[in-house]
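Residue numbers (my numbering), protein chains in the order written: chain A, 1 to 125; chain B, 126 to 328.
Cβ coordinates follow ideal geometry from the N, Cα and C atoms, glycine included.
Just so it is clear, the structure is predicted and the values come from calculations on it, not from any experiment.
Report on the structure given below.
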Amino acid sequence: MMYDEKNPLDFELNSFWSAYRKACPGPDPSAGFMPEIWSRIDRRRDSSAPFIRRLTQTFAALAATASLALLLLSISLPHNTSLLSGSYVEALAQSQTTDASLLQDVAYLETSSDSSTQHFEDSQR
Amino acid sequence: MLVEFDLIKRAQNGDDAAFNEVVTAYRRRILGTVARLISRPEDVEDVAQEVFVRLYFSLDQLRAPEGFDSWLYRLTVNAALDYLRKRRRRHETRLADLSEQQVVMADAAAGSRASDQEEEKARIRDFADELLASVSEDDRVLLILKEVEGLSLKELEQIYHVNENALKVRLFRARQRVLKAYGASASSRESIPREAAPREATK
Numbered sequence: 001m002m003y004d005e006k007n008p009l010d011f012e013l014n015s016f017w018s019a020y021r022k023a024c025p026g027p028d029p030s031a032g033f034m035p036e037i038w039s040r041i042d043r044r045r046d047s048s049a050p051f052i053r054r055l056t057q058t059f060a061a062l063a064a065t066a067s068l069a070l071l072l073l074s075i076s077l078p079h080n081t082s083l084l085s086g087s088y089v090e091a092l093a094q095s096q097t098t099d100a101s102l103l104q105d106v107a108y109l110e111t112s113s114d115s116s117t118q119h120f121e122d123s124q125r
Numbered sequence: 126m127l128v129e130f131d132l133i134k135r136a137q138n139g140d141d142a143a144f145n146e147v148v149t150a151y152r153r154r155i156l157g158t159v160a161r162l163i164s165r166p167e168d169v170e171d172v173a174q175e176v177f178v179r180l181y182f183s184l185d186q187l188r189a190p191e192g193f194d195s196w197l198y199r200l201t202v203n204a205a206l207d208y209l210r211k212r213r214r215r216h217e218t219r220l221a222d223l224s225e226q227q228v229v230m231a232d233a234a235a236g237s238r239a240s241d242q243e244e245e246k247a248r249i250r251d252f253a254d255e256l257l258a259s260v261s262e263d264d265r266v267l268l269i270l271k272e273v274e275g276l277s278l279k280e281l282e283q284i285y286h287v288n289e290n291a292l293k294v295r296l297f298r299a300r301q302r303v304l305k306a307y308g309a310s311a312s313s314r315e316s317i318p319r320e321a322a323p324r325e326a327t328k
């Protein structure tokens, strides 16, 4: 940063900062400097411990409530036991059986409609 | 940097002995900086200890060990600012509680110092306080870091995380205010405490 070199006050102020630096030297650390730092660290650790404990307790209570709610929900909702109790392969086989019977019904309907058409044509003759 | 990267990494990993070494290496520098930032010898050690406690709890957030010095300066600046704000509040309350006569007596007691040298130092500190009262506490700290601690704009940029131009503007304005206060004092006082030889004028 450039200062106004023509301004004598600028020079005086700069020399004052230098004097201020000398008037405020860093003191020598006392014998208790380091132990005091550690005791403050310990105090802060101790003061944060109850907060963490309270936080953990709150989370545990919330998790228990959520589990209970889900349990009640699963009991109260009606559900297909065969689908839930069977394995995937069993469910797939059952579904294929349903599809096959459906196809049989369609085939039967088609055959019966063909025979009724034939019967109608014969009667016309 | 006053210590090896490895030592800081060990301290980051929870090695208390390494943290002790870091404190030992930096405590003089921090005590000096705090002394000049807060200008109250009786509270310097307390604020410096607070800096190291904050360092202990925030060390895991330090990403690059090469940024350690700026990181520590930033913690020092924040602790000093917190102290200055607290002191201002305390001072306001205390003065509000005292009668005018008590204030005069308190000033007189503060005037009677142990030795001439100490008295001169105290006079310089008081005068600096008077000058720096013309700027905000943030600007006071910024000005001291630049003018007294001799930090470069690059270093200040790393501490404050603002660009160089913004810092230059802030510093210029703060210095102009202090200069104005200095000029006003110069015209009203016979002698202003200063060094015989002026310091380098450009930076």
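Contact between the stretch 145-154 of chain B and the stretch 31-48 of chain A is present, with at least three C-beta pairs closer than 8 Å. A contact between stretches requires three or more CB pairs, one per stretch, nearer than 8 Å, and the stretch 187-202 of chain B meets this requirement with the stretch 279-286 of chain B. The closest CA to that of F130(B), considering only R161(B), E191(B), A204(B), is found on E191(B). Taking C-beta separations shorter than 7 Å and ignoring five residues to either side along the sequence, the partners of T158(B) in its chain run T201, E274, following chain order. Judged by DSSP secondary structure, V260(B) falls outside any alpha helix (DSSP H); it is assigned neither H nor E.
Per DSSP, the continuous alpha helix (DSSP H) segment holding K22(A) begins and ends at 8-23. In this structure, R152(B) is the residue among I163(B), R152(B), R248(B) with its C-alpha nearest to the C-alpha of L127(B). For S310(B), the uninterrupted alpha helix (DSSP H) run begins and ends at 289-313, by DSSP. The C-alpha of F11(A) lies about 16 Å from the C-alpha of S312(B). For Q283(B), the enclosing alpha helix (DSSP H) stretches over residues 278-285. Just so you know, the alpha carbons of I41(A) and K211(B) end up roughly 21 Å apart. In terms of CA proximity to R265(B), R298(B) leads the group Q242(B), R298(B), N290(B). Listed by position along chain B, the residues whose Cβ is nearer than 7 Å to that of L55(A) form an empty set, because the closest Cβ is around 17 Å away.
Close CB contacts of L276(B) within its chain, under the 7 Å cut and outside five residues either way in sequence, are with L270 (chain order). At a cut-off of 8 Å, the C-beta of L304(B) has a neighbouring C-beta in chain A.
The Cβ atoms of L304(B) and L292(B) lie no closer than 8 Å to each other. Listed along chain A, no residue sits closer than 8 Å to N203(B) by beta-carbon distance, the nearest being about 16 Å off.
Rounded to whole angstroms, the gap between the alpha carbons of F144(B) and L156(B) is 17 Å. Here N138(B) carries a coil assignment [DSSP, helix/strand/coil]. In the three-state reduction of the DSSP assignment, G192(B) falls in the helix class, which pools H, G and I. In this structure the stretch 15-30 of chain A lies against the stretch 244-255 of chain B, because at least three pairs of beta carbons, one per stretch, are closer than 8 Å.
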